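Engineer:
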Amino acid sequence: MRQRVVRVAVTAVLIALVLLAVPLGLAIKSYFFANQRDALERVALAGAVRVSPDFTTGDPVELPAAAAGQQLGLYDPGPRLKDGSGPPSGDQAVRQALAAAEVRSQTGSNLVVAVPVSHNEQVIGVVRASTATQDVWQRVLAGWGALLAVALIALAVAILVARRQARALTAPLEDLSRQCRAVTDGDLTARARPSAITEINQVAHTHNDMLQSLTELLQHEKNFTANASHQLRTPLTGLQLTLETALAQDGSQLRPAVEEALASTRHLHRTVDEFLRLTRTPRHPAAATAREPVGRVLEDITSRWHGLFANDGRRLAISAPDATTDALIPGRAVTQILDILLDNARLHGRGAVEVTVRDFDDALAFDVSDEGTLEAAPAQLFTRGHTTGRGEGIGLSLAQDLAGALDGRLSLVSYAPTRFTLLVPLGHPGGGDLPGRGQRL
1423 MRQRVVRVAV
1433 TAVLIALVLL
1443 AVPLGLAIKS
1453 YFFANQRDAL
1463 ERVALAGAVR
1473 VSPDFTTGDP
1483 VELPAAAAGQ
1493 QLGLYDPGPR
1503 LKDGSGPPSG
1513 DQAVRQALAA
1523 AEVRSQTGSN
1533 LVVAVPVSHN
1543 EQVIGVVRAS
1553 TATQDVWQRV
1563 LAGWGALLAV
1573 ALIALAVAIL
1583 VARRQARALT
1593 APLEDLSRQC
1603 RAVTDGDLTA
1613 RARPSAITEI
1623 NQVAHTHNDM
1633 LQSLTELLQH
1643 EKNFTANASH
1653 QLRTPLTGLQ
1663 LTLETALAQD
1673 GSQLRPAVEE
1683 ALASTRHLHR
1693 TVDEFLRLTR
1703 TPRHPAAATA
1713 REPVGRVLED
1723 ITSRWHGLFA
1733 NDGRRLAISA
1743 PDATTDALIP
1753 GRAVTQILDI
1763 LLDNARLHGR
1773 GAVEVTVRDF
1783 DDALAFDVSD
1793 EGTLEAAPAQ
1803 LFTRGHTTGR
1813 GEGIGLSLAQ
1823 DLAGALDGRL
1833 SLVSYAPTRF
1843 TLLVPLGHPG
1853 GGDLPGRGQR
1863 L
């Protein structure tokens, strides 16, 4: 990737240099040749000014001194060289200048400028100035060498800049590629780092968002399986105890046991429905759940948990003010949370267990307490996977998530004796109005 970027950049610079250097090289050549012709013309004109008309009668001529590498001579109409330096007989440029026209030409290996000398509207001679083209070409080649050096320096700078820019362009892409390979290898925590290049940074941001959504989806599915397993364990235990009790009794006593088993089965069915609903509506599950009177929820809790605590030789007491029994709450979600708290009290607590409902006008508080002592750091208590004894460390984390989905709050208010409080608002989680205290659906 880097090499391709460098090649593209260098190719573009080379094309630009060629397009610039070729016309510039031709301009350098034209400049030096034109400049040399102008210099020859100035010398020839200076010589023509000094020529006296009497030179034809033999008066001496004082031509200016020619520069190094130049020839300056005066020719008569013959045309023969009368003074200065040059070929003994006038060349084509001299013969053309005798026609009263200044001549600038290249003869053989020389640049020649011939200026006519006039008197009484007649050409009486020609001043010829010349220099070897080799001298001009030396200056042209020196100019081309300087141009080539500048082009090479520009190319070197372009290569350095291209390599630096290639690193800047490809480094974020290489990092993104590494993160993608890490995700392919199973590391869902890999994230692409931000980039100073807007387009690449946008790709990295989109990749991270996609990976975050995928991670949350996988975690949601994983949590659903763990939560469902955790919540189904207690109803299955109660169902198993009911069936074992039925087997130990005669046929006349089977009906109550079968009815209790059917009730446990219906509770299992509701639990599965609740978790499937939570999976479909993860943001505000309480908005889709049926609202039930507090009294009915407490009756269901009593019927399912009284026997389990009684088998353990422990007492379960559930109480609520009469004014709260008709208040409508998200029954299934609250039931799931209370089931988790009672299951924790049964497995990790000791002594009598009490469930108490308190009225706060716009909310109800459900207190679940036992006579045990909780020894756990508050920061870890609701952390998924953390447990103080036997168990998977799922229950309290799930209960807190469910409480948050209800716009409620679950908290530990006492360590010794242990007491948890679930605060449930009597309004719709989304802010709408639903039937509350004393109303029926």
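With positions in the sequence shown counted from 1, the corresponding number in this note's numbering is that position plus 1422.
No residue lacks a Cβ here, since even glycine has one placed at the ideal position from N, Cα and C.
The structure displayed is predicted, hence computed values, not measured ones.
1) Just checking, does the stretch 1547-1561 make contact with the stretch 1457-1466 on the three C-beta pairs under 8 Å criterion?
2) Given a threshold of 16 other Cβ atoms within 10 Å of its Cβ, counted over all protein chains shown, does A1489 qualify as buried or as exposed?
3) Does DSSP put V1428 in a helix, in a strand, or in coil?
4) Going by other Cβ atoms of all chains shown within 10 Å of its Cβ, with 16 needed for buried, is N1542 buried or exposed?
5) Exposed or buried, what is T1795 when buried is set at 16 or more other beta-carbons lying within 10 Å of its beta-carbon?
6) Looking at chain D, is there any beta carbon in it that lies within less than 9 Å of the beta carbon of T1628?
7) Where does the unbroken beta strand (DSSP E) through E1714 begin, and where does it stop?
8) Based on Cα-Cα distance, which residue from R1737, Q1601, H1728 and A1755 lies nearest to V1716?
9) So the candidates are I1619, D1765, Q1758 and L1442; which of them puts its Cα closest to the Cα of H1728?
10) Taking the beta carbon of P1594 as the centre, do at least 16 other beta carbons fall within 10 Å, making it buried, or is it exposed?
11) Can you say whether Y1453 is buried or exposed, counting buried as having 16 or more other CB atoms within 10 angstroms of its CB?
12) May I ask you to report which of helix, strand or coil DSSP gives A1708?
13) Please report how far the alpha carbon of D1383 lies from the alpha carbon of E1797, in whole angstroms.
14) Specify the secondary structure class of L1436 as computed by DSSP and reduced to three states.
15) Which residue marks the beginning of the beta strand (DSSP E) containing N1532, and which one marks its end?
16) To the nearest angstrom, how far is it from the Cα of R1600 to the Cα of L1442?
17) Please report the distance separating the alpha-carbon of E1621 from that of T1592.
18) Quick one: is D1631 buried, meaning 16 or more other Cβ sit within 10 Å of its Cβ, or exposed?
19) Do S1507 and G1495 have their C-beta atoms closer together than 9 Å?
20) Thinking C-alpha only, which one of L1845, Q1425, V1435 and V1719 is nearest I1575?
21) For V1473, report the span of its beta strand (DSSP E) as first-last.
22) Run through DSSP, which three-state label would R1613 get?
23) In angstroms with no decimal places, state the Cα-to-Cα distance between A1536 and A1568.
24) Under the assumption that I1546 contacts P1499 (Cβ atoms under 8 Å), give the Cβ distance between them as a whole number of angstroms.
25) With a threshold of 7 Å on Cβ separation, who are the neighbours of D1783 within its own chain once the five nearest residues in sequence on each side are excluded?
26) May I have the straight-line CA-CA distance separating L1577 from V1432, to the nearest angstrom?
Structural biologist: Per the coordinate set shown:
1) Contact between the stretch 1547-1561 and the stretch 1457-1466 is present, with at least three C-beta pairs closer than 8 Å.
2) As a working note, residue 1489 is residue 67 in the sequence shown. So A1489 ends up on the exposed side.
3) Counting from one through the sequence shown, the residue named residue 1428 turns up at place 6. In the structure shown, V1428 sits in a helix (DSSP, three-state: H, G or I).
4) Numbered from 1 along the sequence shown, position 120 holds the residue referred to as residue 1542. N1542 is exposed by the Cβ-count criterion.
5) One-based indexing of the sequence shown puts residue 1795 at position 373. Under this definition T1795 is an exposed residue.
6) Looking for chain D here will not work: only one protein chain is present.
7) Mapped onto the sequence shown, residue 1714 falls at position 292. Element bounds for E1714: R1713 to P1715.
8) For the purposes of this step, residue 1716 is taken as residue 294 along the sequence shown, with counting starting at 1. The residue among R1737, Q1601, H1728 and A1755 with its C-alpha nearest the C-alpha of V1716 is A1755.
9) Walking along the sequence shown from the start, residue 1728 turns up at place 306. Per the C-alpha coordinates, the member of I1619, D1765, Q1758 and L1442 positioned closest to H1728 is D1765.
10) As a first step, residue 1594 is located in the sequence shown; it is residue number 172 there, counting from the start. Taking every protein chain shown into account, the CB of P1594 has 16 or more other CB atoms within 10 angstroms, so this residue is buried.
11) Against the sequence shown, residue 1453 aligns to sequence position 31. Around the beta carbon of Y1453, fewer than 16 other beta carbons lie within 10 angstroms, which makes this residue exposed.
12) On the sequence shown, residue 1708 is found 286 positions in, with the first residue counted as 1. With a pLDDT of 48 at A1708, under the threshold of 50, the modelled position of that residue is not reliable, and the figure given next carries that caveat. Assignment of A1708 by DSSP, reduced to helix, strand and coil, places it in the helix class.
13) There is no way to answer for residue 1383, as the model of the chain reaches only from 1423 to 1863.
14) Position 14 of the sequence shown, counted from the first residue, corresponds to residue 1436. Per DSSP, reduced to three states, the secondary structure at L1436 is helical.
15) Taking the sequence shown and counting its residues from 1, one reaches residue 1532 at position 110. Annotation for N1532: the continuous beta strand (DSSP E) segment containing it runs N1532 to H1541.
16) The sequence position of residue 1600 within the sequence shown is 178, counting from 1. The sequence position of residue 1442 within the sequence shown is 20, counting from 1. R1600 and L1442 have their alpha carbons spaced roughly 42 Å apart.
17) For this step, residue 1621 is matched to residue 199 along the sequence shown. For this step, residue 1592 is matched to residue 170 along the sequence shown. Distance between the alpha carbons of E1621 and T1592: 12 Å.
18) In the sequence shown, the residue the question calls residue 1631 occupies position 209. Classification for D1631: exposed.
19) For the purposes of this step, residue 1507 is identified with residue 85 of the sequence shown, where counting begins at 1. For the purposes of this step, residue 1495 is identified with residue 73 of the sequence shown, where counting begins at 1. Their beta carbons are under 9 Å apart, which means S1507 touches G1495 by this criterion.
20) As a first step, residue 1575 is located in the sequence shown; it is residue number 153 there, counting from the start. Ranking L1845, Q1425, V1435 and V1719 by Cα distance to I1575 puts V1435 first.
21) Here residue 1473 refers to the residue found at position 51 of the sequence shown. Premise fails: V1473 is in no beta strand (DSSP E) and is neither H nor E.
22) Against the sequence shown, residue 1613 aligns to sequence position 191. Coil.
23) By 1-based counting over the sequence shown, the position of residue 1536 is 114. By 1-based counting over the sequence shown, the position of residue 1568 is 146. Straight-line Cα distance between these residues: approximately 33 Å.
24) Counting from 1 along the sequence shown, the entry for residue 1546 is found at position 124. Counting from 1 along the sequence shown, the entry for residue 1499 is found at position 77. 7 Å between Cβ atoms; contact.
25) The count along the sequence shown starts at 1 and reaches residue 1783 at position 361. If we look at D1783 and ignore the five residues flanking it on each side, it has no Cβ neighbours.
26) Taking the first residue of the sequence shown as 1, we reach residue 1577 at position 155. Taking the first residue of the sequence shown as 1, we reach residue 1432 at position 10. Cα atoms of L1577 and V1432: separation of roughly 7 Å, rounded to the nearest angstrom.
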